[in-house]
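Enquirer: Can you keep this structure in mind? I'll have questions shortly.
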Amino acid sequence: VLEPVDAQTCRLTAGAPNLEVLVIHVLLMGIDFEVVEPPELVEVMTRARDRLTRALAGS
Numbered sequence: 304v305l306e307p308v309d310a311q312t313c314r315l316t317a318g319a320p321n322l323e324v325l326v327i328h329v330l331l332m333g334i335d336f337e338v339v340e341p342p343e344l345v346e347v348m349t350r351a352r353d354r355l356t357r358a359l360a361g362s
């Protein structure tokens, strides 16, 4: 569900089979975002960031 917050911000409330799938969906949107909750999502995104950083280290 997409809800307006102000003139430049909206809130996405979404579900997924697991947090890893949610990370993929959000990243594929190609938009900037801020994680509000759940805190476990920050952990999953941090692991994804670290994995991508390692993958690109030799580029």
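According to the working numbering, the sequence shown holds residues 304 to 362 in order. Quick reminder that beta carbons are idealized off the backbone N, C-alpha and C, glycines included.
Is DSSP giving P342 helix, strand or coil here?
Expert: helix
Enquirer: Going by DSSP, which residues form a beta bridge with E306?
Expert: Answer is R314.
Enquirer: According to DSSP, simplified to helix, strand and coil, what is D335?
Expert: coil
Enquirer: Of the residues G361, C313, E346 and T356, which one's Cα is nearest the Cα of D335?
Expert: The option with the nearest alpha carbon to D335 is C313.
Enquirer: Roughly how many whole angstroms lie between the Cα atoms of V339 and L359?
Expert: 27 angstroms
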